[in-house]
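Visitor: Each residue of the sequence shown is one higher than the one before, starting from 1 at the first, in full-length UniProt numbering.
Virtual Cβ for every residue (Gly too), placed ideally from N, Cα, C.
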Amino acid sequence: MASSKPISCGPCQEGKVNTKADVWCHNCEKGLCSTCSGNHKRSKGTRDHKTVDIKSYKPSIQAINTECDKHGQQLDVYCPGHLTPCCDECISRSHSKCTGIKSLASVVEKTNVEKSKESVERDIKSILHLFDKMINKTSSNIKTGEQQREGIEESIFKVREKINKHLDHLAKKLCQEADNLWDQEKSKATDFVTEIEEKKDKFTDNARPFTKCHNTYVKTPIISRSTSDSTTNT
């Protein structure tokens, strides 16, 4: 066995009888004497329970002692003054003047409640920490996103500024080329007009004698006709 101290029969202890256990029931987690073991096997609800010889039983974890070392009775009450569990014999012999004696089950239950409360509080803190972590992470993402948005807008403005500068330069270049081309064409047209005017003046000068001669030719017959008429009348 795991300990030199004998294990008592659980059902017998409940009946205030201290009997040495012969087998151990893993399902009930109790020791059983030969009589209780027989009843255990015959009972419909426990006949399929797994039992082993008490000599072969080796508990994997040291169980809490529920039996009084001094009197061999079940520990069922608790003395808050001495902070110790007691059996009925302990109370009558050593703790008769102690106050605040409580049921050991209620103390254990309260302890379990306190442990459960601590566990719940830890879980709540863990959940709140997770919420804070999520909030901080999301807030950080919002801040990062805002910075990225501002960076994108700044990049867009810079690109737009470069495009505008390029367009201004291109427009200025095209306007300059248009001005140069217009100046060339205007100069050609002006030279052409000047050339035409010169030719016109030259043509006019050349045509003036012909016009004068033509006018003389036209007037001469009129004079001759007038002279002839005058002679005839005489």
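If we call anything under 9 Å between Cβ atoms a contact, is residue 104 one with residue 80?
Guide: As a working mapping, residue 104 is identified with position 104 in the sequence shown. As a working mapping, residue 80 is identified with position 80 in the sequence shown. The answer is no: Cβ separation not under 9 Å.
Visitor: Assuming residue 31 is part of the beta strand (DSSP E), what are its boundary residues?
Guide: Locating residue 31 in the sequence shown gives position 31, where the first residue counts as 1. Its beta strand (DSSP E) spans residues 30-32.
Visitor: Looking at C-beta atoms only, is the number of pairs between the region 11-27 and the region 49-59 that lie closer than 8 Å three or more?
Guide: Cβ pair count under 8 Å is three or more, so yes.
Visitor: Find out if the Cβ-Cβ distance for the pair residue 31, residue 8 is shorter than 9 Å.
Guide: Along the sequence shown, read from residue 1 onward, the residue named residue 31 stands at position 31. Along the sequence shown, read from residue 1 onward, the residue named residue 8 stands at position 8. Closer than 9 Å, so yes.
Visitor: State the beta-bridge partners of residue 24 as determined by DSSP.
Guide: Translated into the one-based positions of the sequence shown, residue 24 becomes position 24. In DSSP, residue 24 forms a bridge with 31 and 52.
Visitor: Rounded C-beta distance between residue 50 and residue 27? I'm assuming under 8 Å.
Guide: The residue you call residue 50 lines up with position 50 of the sequence shown. The residue you call residue 27 lines up with position 27 of the sequence shown. Contact holds; Cβ gap of about 6 Å.
Visitor: When the Cα atoms are used, what is the spatial distance from residue 72 to residue 108?
Guide: Position 72 of the sequence shown, counting from 1, holds the residue named residue 72. Position 108 of the sequence shown, counting from 1, holds the residue named residue 108. If you take the alpha carbons of residue 72 and residue 108, they lie about 21 Å apart.
Visitor: Determine the direct distance from the alpha carbon of residue 167 to that of residue 244, and round the result to whole angstroms.
Guide: No information on residue 244 is available, as it lies outside the stretch 1 to 234 that the chain covers here.
Visitor: What separation, rounded to the nearest whole angstrom, lies between the Cα atoms of residue 255 and residue 178?
Guide: Beyond the ends of the chain as shown, which are 1 and 234, falls residue 255; an answer cannot be given.
Visitor: How is the alpha helix (DSSP H) around residue 90 delimited, first residue to last?
Guide: Along the sequence shown, read from residue 1 onward, the residue named residue 90 stands at position 90. Residues 88-94.
Visitor: Could you give the distance in angstroms between the alpha-carbon of residue 102 and the alpha-carbon of residue 78?
Guide: Working through the sequence shown from its first residue, we reach residue 102 at position 102. Working through the sequence shown from its first residue, we reach residue 78 at position 78. Near 5 Å, if we compare the C-alpha coordinates of residue 78 and residue 102.
Visitor: From 91, 53 and 154, pick the residue whose C-alpha is nearest to that of residue 70; which is it?
Guide: Here residue 70 is taken as the residue at index 70 of the sequence shown, counted from 1. Residue 91 is the option with its Cα nearest to residue 70.
Visitor: At which residues does the alpha helix (DSSP H) containing residue 79 begin and terminate?
Guide: As a first step, residue 79 is located in the sequence shown; it is residue number 79 there, counting from the start. No alpha helix (DSSP H) contains residue 79, which is instead part of the beta strand (DSSP E) from 77-79.
Visitor: What residues are listed by DSSP as bridge partners for residue 85?
Guide: Within the sequence shown, numbered from 1, the residue matching residue 85 stands at position 85. DSSP, once it has assigned bridges, lists 78 as partnering residue 85.
Visitor: In the DSSP output, what is residue 102 paired with across the bridge?
Guide: For this step, residue 102 is matched to residue 102 along the sequence shown. According to DSSP, residue 102 bridges with 78.
Visitor: Go through its chain and collect everything with a Cβ distance to residue 99's Cβ below 8 Å, but skip five positions before and after it.
Guide: As a position in the sequence shown, residue 99 is number 99, starting the count at 1. Once the five neighbours on either side are set aside, the close Cβ partners of residue 99 are 81.
Visitor: Which value, in whole angstroms, describes the spacing of the CA atoms of residue 172 and residue 181?
Guide: Counting from 1 along the sequence shown, the entry for residue 172 is found at position 172. Counting from 1 along the sequence shown, the entry for residue 181 is found at position 181. Residue 172 and residue 181: Cα-Cα distance of roughly 14 Å.
Visitor: Using a threshold of 9 Å, state whether the C-beta atoms of residue 67 and residue 13 are closer than that.
Guide: On the sequence shown, residue 67 is found 67 positions in, with the first residue counted as 1. On the sequence shown, residue 13 is found 13 positions in, with the first residue counted as 1. A contact, by the Cβ cut-off of 9 Å.
Visitor: Quick check on DSSP: helix, strand or coil for residue 36?
Guide: Along the sequence shown, one-based indexing puts residue 36 at 36. Residue 36 falls in the helix class under three-state DSSP.
Visitor: Please name the residue or residues paired with residue 155 in a DSSP beta bridge.
Guide: Here residue 155 refers to the residue found at position 155 when the sequence shown is read from its first residue. Answer is none; residue 155 lacks a bridge partner.
Visitor: Determine which residues share a DSSP beta bridge with residue 150 and list them.
Guide: The residue you call residue 150 lines up with position 150 of the sequence shown. None, per the DSSP bridge assignment.
Visitor: Per the DSSP calculation, residue 8 is bridged to which residue(s)?
Guide: The residue labelled residue 8 in the question sits at position 8 within the sequence shown. DSSP lists 20 as partners of residue 8.
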